[in-house]
Each structure stands twice: as structure tokens, then as C-alpha cells.
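This report concerns only the one structure given below.
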Amino acid sequence: QSENSDKSSAESDSETEVEQVSVYHKLLATLKTSPESESEEEEGESESEEAGESETEMDSEGSQETREADGGEEDKNDVPDQEEATDTAEQTLGQEQADGADISCDPSHGVIEEFTDVKHESEFSLETNFMEEESGDCNADKRDSNSSQAFSEDPFKQHMDKELEEKEVEKMSTLPKTSSQSKWPRLGQLTFSSTLEKHKALKADKEVDVKQLYLHKPLESTWPKVNKQFLSSVNKQSDPSFTPLQRELFCIMNTYRDLFYPERNALTNGEEIRHAYCLHALNHVLKANAQVLSNNAKRRDQKPGTDNDDYRDQGLTRPKVLMIVPFRECALRIVHIFISLLEVNEKKKIDVSNKKRFKGEFGSDPEEKPPNLKRPEDYEAVFAGNIDDHFRIGVAILQKSMRLYAPFYSSDIIIASPLGMRTVIGAEGEKKRDFDFLSSVEILVIDQADIYLMQNWEHVLHLMKHINLLPLDSHGVDFSRVRMLNLNNWSKYYRQTLLFSALQDPQINSVFNKHCFNYMGQVAVRNVPLSGSISHVVVQLPHVFRRLEAENLTSVIDTRFQFFIDKVLPEYRDAIMSHTLIYVPSYFDYVRLRNYFKKEDLNFTHICEYTKKAGVCRARRFFLKGEKQFLLFTERFHFYKRYTIKGIRNLIFYELPTYSHFYSEICNMMKATDNGVDATWTCTVLYSKYDAQRLAAVVGIDRTAQMLQSKKNVHLFVTGEN
1 QSENSDKSSA ESDSETEVEQ VSVYHKLLAT LKTSPESESE EEEGESESEE AGESETEMDS
61 EGSQETREAD GGEEDKNDVP DQEEATDTAE QTLGQEQADG ADISCDPSHG VIEEFTDVKH
121 ESEFSLETNF MEEESGDCNA DKRDSNSSQA FSEDPFKQHM DKELEEKEVE KMSTLPKTSS
181 QSKWPRLGQL TFSSTLEKHK ALKADKEVDV KQLYLHKPLE STWPKVNKQF LSSVNKQSDP
241 SFTPLQRELF CIMNTYRDLF YPERNALTNG EEIRHAYCLH ALNHVLKANA QVLSNNAKRR
301 DQKPGTDNDD YRDQGLTRPK VLMIVPFREC ALRIVHIFIS LLEVNEKKKI DVSNKKRFKG
361 EFGSDPEEKP PNLKRPEDYE AVFAGNIDDH FRIGVAILQK SMRLYAPFYS SDIIIASPLG
421 MRTVIGAEGE KKRDFDFLSS VEILVIDQAD IYLMQNWEHV LHLMKHINLL PLDSHGVDFS
481 RVRMLNLNNW SKYYRQTLLF SALQDPQINS VFNKHCFNYM GQVAVRNVPL SGSISHVVVQ
541 LPHVFRRLEA ENLTSVIDTR FQFFIDKVLP EYRDAIMSHT LIYVPSYFDY VRLRNYFKKE
601 DLNFTHICEY TKKAGVCRAR RFFLKGEKQF LLFTERFHFY KRYTIKGIRN LIFYELPTYS
661 HFYSEICNMM KATDNGVDAT WTCTVLYSKY DAQRLAAVVG IDRTAQMLQS KKNVHLFVTG
721 EN
């Protein structure tokens, strides 16, 4: 079977390669072609994945290149097997299992084979289904005829029906954005930016009537029930449906502007934010599908020979919403929210196909969690449930049913991790790669973006480069139904991007500024930290912030290294300065320092995210006993393990931490040092003017302004919590 499928896919590849673009333009030229509505089904091959044993949390893809790039070799016993990300994507998700057979997914077998549901293809096909009379979706039609004005005010209709002009598109691709500031009660300082200046300023609604939000049925009735867990008694009086944070976020989402919210906290507001974007995404999908089904019925009933141009209601491919989340647990929670939002009451349960399989693959066994591990609360919140970071799943929603594991080209919503996307998109030159299904994504949600900095940020950038491109194949689309915006290759100007992160970071900002082209404009929350995490340091020690001068951003890395080995390290070489921990956020810098320390024959040990358990125990023991003077310690190791390192007397932050609370956490590890004399403890931090955001998060905005103006080193003495 697999040989046949190999041949057939190889043949289809060679056929399409010759005329990948030309056939597409022929189709565009005619616009009358209406191919078979059934998408071609090919037999897919199963993709093998290695089941990670002890280090499942870490995406080590790219680690080999990292080591080679720096000329460093991780000790052989420190290098884990490379994960499946380096493999080619062996299966494009548009292909389907010919028989829909249930393939074993037991991780204990060591191989997880990919499953897609083919049994329910016709049941969930948008082309062959019609609007159910009793579904309540016909109300939209009634509204359309009775009160066209009210219906045209629906933000979904306004956004998707807007026809951009060539000159507007040219403006967006050439002119800089103009921006304005606004302060909202809950979100705080907002920056609105847009190239098309027509947009009026958006004001925060003090209260929201669910009936005025144009929520599709049944969301109007289910949302207040699903969301009540987040509403305090005080909130309920002023707004029975939304928390103040949700109200302001949804107010922006519902206008179809791009949104960047960098204050997501897994402990406090993470779940209420998840509920808000799930409501918006599901609302969008239900409206889009209802429009298609309604038009199917109209076309069926119309007289032959009439013009079909009124029914342009879909993209070049079906997936409308892409949700990027870091772990399987997040995907599980999203699907549960969708199900809750679609179930009107206990009696009206919706039909969810493959639910049992989904729970098995995305759920977790509580007994698997090792006992007696004390970790900070935020760690427990981030790493709850199944933390596998290699997954992707298609979800199709039609009226009162949901199909999990839908093939991508038959899905409305795709939920995936960056690594899961990377392995299906593939790389240039790979024979089996697929990203056509990303061509017509209308809402992109990137949640917990900060975690991808700890996984592999390259995967996020790779995804952004492949979204909203013209597909290389037609995938059986009826071109008479495709919106002109998609045919014009303007999808990216209509795509709404919702970006949530726990912190401000230049790399995350860059994605928002350089990869979001929404004609409606962007809204970014830009609050500045007032106190900084240094106020949570409970041990008494002097903090010395040493400024290094770099000519530009690209030279910072080399300047920092030279500054460290010329100015900082000599002060710590003396045996009196033993028990020195050097905290290094970047793996590249870590490899460079480790190689230098080896060359100089310094008495040191090192721990990074690839160090095996035995190596970690050995390094911690040597450091605690003072047998090794220095400990090189990476940020990613701390992120994934959060071990308390005992025996620290001197701290060097080679660069400010990505997460500001790691600063106080590492400093407070000194409490665990027995017989330590407070007066001999030191903490040295290296920073440059390019570290302004991280610096502000540690010392607060006022001190940051002073430190960046002054060229001198800054000495701060923190006494307990203040």
C-alpha cells in the first residue's frame, strides 16, 4: 500500500511541478472553471516520531546547527538525540488515510503515527451541505432581507466584504504606518497604528450587551454560561458576560484589528484570554460557514444561466483560523472551550467525532507526574498537563457537529505547535512539503509567544514566511465562489493576527511589526513596568550594573564577549571569588564561553538544556562543594527545570534574563547557601543601551531612564523586599 501511495504521490508531484504556477494562472484567467467539489484523496503515509524519553519538554531541533555555528562541541554524554524536527515532513496533512483505519498511537510503542479522519468527509463538506431550516442560521438571512443595514454593521461582513483598491494596497506596502496613543481603563496604554488613515479612534466600551456583538447562534446564549467561572459577583452586576479584561480585548478583536497583548500570565489571566479568543475564532468560523451554506441553497434554487458572481464567499483553501499554541494541553483546552460554546444545554449535545482518540493523545495521566517536586506556581501553570510540543490537528465545524482530526484541506480551524507546523511546511528543496492550506487563513492566533523563544523562534518566523501565499495547486476549489481578495493575492491584508505573550521582546515585536499587514491596522498594549523584579529580591546583596558600549545591534554579541573576558572575568579569577554562577540567556553565548573557559583551562563546570541528568547532578555537586569555581548556566535550562542551585556566592548575569522574574529567582537562590556571609555576596549584570526593555522589567522604568543616560556603572543595594 505504502509503495503505491509513494508512486502516486511522486507522480502527482512531478505533474504539478512542471506547471505549478502556470496552471494556477490559467484557472484565475477563466474564473468559470468549477472542478469536482470533492478534494482529491490520496493515501497518506504515516509519519514516524521518536518518543522523547526524559527531555520531552525541550525542542532540541536546531541544536546541532547551533553547536557547529559556534565551533563548540557539547560533551558527547550531554547531547540528546535530535528530535524529529530535523526530518523531512513525511506526510502532508491534506493527504488522507485511504481506509480511515484506526492507527495505534500508544506512545509506549515508540512511534506515534499520524491519523486523519476520512470517514466523515461528505458529512462535513462545505460544498455539498445546505443550511438547516431549524438551525437558527436562517435568521441571518431574515435579518439580511428585513434589515440590511443592521446586518451590514456586522464586523465580520464589514471586514470580509470590504473591497480594497489597488492604490490602497500599494499604500500599505510602501508607506509607513501612522500611530496614535490611547489609554483604556483595564488594558492601559494602547498604540493604534495604520497606513490607511480613515479609521476613527476606538474607544473602550464600559459595558457590552451580548446582543450587540453580532455573535452567531448559539454563542449568544452559551458564552455567558461558559465564561461565568471568571466573573466575580462585582463583575456580574456591571457586565454579566465579560470580565473587564475580556471586554476590552474582545472589543478590539471584534473590529478585526491586529492585537498584541504582552501581559498574558499563565497564573492569573491566561485562561480568560484563551476563552475570549476562542469565542472570536468560533464566531468567525460559524459566520463564514453559514454564509457558504446559505449561498449553496440559493444557488441550488436559482434558475440556470443566471450570473454566479454574487456568491463569492470563500478562500482558495478552507482553513480560516490557525491557532499556534506551545503544548498539547493548550490544544485540549481550546477544543473543550469550542465544544462548550457549541452545546446549548445538556440535552443538545453536539456530535464530536474522534473525541476519545483526541483525549487519549492530547490528555495526560495525572499519575505520570513525578511526586514531591516543588516548583514555582508559574512553572506549574505553564507546564500543566501534556507538554508534548510536536502536534497539529485539523478541526471542522458544521452546524451542530465537530470533526476532530479533519484533513487540513477539509478543516476550518488548525491548532498546532510551531514545531508541528515546521515539520509539515518543510524546507526548500524537500520533496514532501505543504503550505497551500495556509493560503486563506483569516485569523491567526499566536498564544504564549514567549514560550517559543525558549523552544525555537525560527519555527515561528518560518511559519510567518509561508502564510497567505498563493497556493501551488487548486485543491479542487470552485473559483466562481472564491473572493476577489484571495484571487488578487491580498489575503495577508485581510488576515487578523492576535498575539499574546507574557513579556515585551524585540523578536516578538518584530513579528507584529513586520509580518502583520491588516488593512484595519494594529493595536499594541504598551505599558511600562514601574517597579521591576529587583524589588522581589529578598537577600541582601549589592547589584552592580556594568554598561558596555556597542556601536550597533549586530556588534553587541562580540562587544559583550570582549567586555566580559577583558573587564569582568579577571576580577573573578582569584580563588577568593569561588562559587560564581554565570547566567547565560543565549545558547550561542554559552557555547562561546564554554569554549573559552576550556581553552584558558579555568576551573569550571556547566549546565545547559542538553545536559543529561547525571551531568546536571555532577555539576551541581562540584559547584556546591567548591571543587569547581565557575558554573556556566543557561536560561533555557532554568526555564524547563527550575532547579535551585545551592552554593552561589557570586552571580554574573552575562545578559539580562528574558523573563524578568528569573532575575529575582536566581538572586534568591543565595538563600540556599549555607554558612554564607552576606557581606561577601556579589551580583554583577552586563547591559547595553539595546537592553532597554529587559532592563526596565528588572529595575523599573525610572531607573532605566537614568541608567541609559549615564555612562557610568550603577550600584544598587537591595535590602529585602521593597
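The UniProt record's numbering applies: residue 1 is where the sequence shown begins, and numbers increase by one.
All residues carry an ideal CB built from backbone N, CA and C; glycine is no exception.
Pick helix, strand or coil for residue i, following the three-state DSSP scheme.
i           : result
R300        : helix
residue 734 : This structure cannot settle anything about residue 734, because the visible part of the chain is limited to 1 through 722.
D558        : helix
D106        : In this prediction, D106 scores a pLDDT of 38, lower than 50, which makes its location untrustworthy; no coordinate-derived value is stated.
S491        : helix
V537        : coil
Q706        : helix
V335        : helix
E73         : Confidence in E73 is poor, its pLDDT being 41 and thus under 50, which makes the residue's placement unreliable; the coordinate value appears in the next sentence. Looking at E73 - three-state DSSP - the assignment turns out to be coil, as it is neither helix nor strand.
Y261        : strand
Q448        : coil
P418        : helix
H120        : coil
How many angstroms separate the CA atom of residue i from the CA atom of residue j?
i           : j    : result
D309        : S531 : 59 angstroms
G420        : I414 : 11 angstroms
F242        : R274 : 13 angstroms
T195        : M707 : 35 angstroms
G615        : I607 : 8 angstroms
V698        : I534 : 5 angstroms
K228        : S340 : 12 angstroms
E165        : N468 : 19 angstroms
Q629        : P585 : 20 angstroms
P570        : V556 : 20 angstroms
M670        : V685 : 16 angstroms
K177        : C251 : 22 angstroms
A297        : L282 : 23 angstroms
Y643        : R546 : 27 angstroms
E121        : I393 : 15 angstroms
S578        : L631 : 10 angstroms
N345        : T222 : 8 angstroms
L213        : S440 : 25 angstroms
E11         : Y519 : Confidence is the limiting factor: at E11 the pLDDT is only 38, short of 50, which leaves the residue's position unreliable, though a coordinate-based value still follows. If I take the Cα positions, the gap works out to 41 angstroms.
Y493        : M172 : 9 angstroms
residue 751 : E168 : For the chain, the structure presents residues 1 to 722; residue 751 sits outside this window and is missing.
E361        : S491 : 33 angstroms
If I follow the unbroken beta strand (DSSP E) through residue i, where does it start and stop?
i    : result
Q189 : G188 to S194
M323 : V321 to I324
K183 : T178 to W184
Y687 : T682 to Y687
R403 : S401 to L404
I607 : F604 to I607
A524 : Q522 to V525
F653 : N650 to F653
F662 : Unbroken run through F662 is the alpha helix (DSSP H), S660 to N668; no beta strand (DSSP E).
D309 : Unbroken run through D309: none, as it is neither H nor E.
L581 : T580 to V584
L632 : F630 to T634
Q496 : Q496 to F500
Is the beta carbon of residue j closer than 8 angstroms to that of residue i?
i    : j    : result
D161 : Q496 : no
L548 : F563 : yes
G188 : N488 : no
L404 : V292 : no
P218 : P240 : no
V321 : I425 : no
V591 : F260 : no
S411 : R318 : yes
T605 : F588 : no
What span of residues does the alpha helix (DSSP H) with residue i cover, start to end?
i    : result
K625 : K613 to K625
G363 : Taken as a continuous stretch (DSSP letters only), G363 belongs to no alpha helix (DSSP H), as it is neither H nor E.
G394 : Note, G394: premise wrong, no alpha helix (DSSP H); beta strand (DSSP E) at R392 to L398.
I252 : P244 to M253
I508 : P506 to K514
V352 : Looking at the DSSP string, V352 is not in any alpha helix (DSSP H); the run it does join, the beta strand (DSSP E), is D351 to S353.
Y379 : E377 to V382
Can you tell me the Cβ-Cβ gap for residue i and residue j, rounded? I've got them flagged as a contact below 8 angstroms.
i           : j    : result
Q507        : C516 : In fact, because the Cβ distance is near 14 angstroms, the residues do not count as touching under 8 angstroms.
residue 725 : M454 : Because residue 725 is not part of the residues shown, which for the chain are 1 to 722, the question remains open.
F192        : A204 : Actually they do not touch by this definition, with Cβ atoms about 12 angstroms apart.
May I ask whether a heavy atom of the ligand NAD can be found less than 7 angstroms away from the beta carbon of residue i?
i    : result
F242 : Of the ligands one can find in the structure shown there are none, so the ligand NAD has no counterpart to examine.
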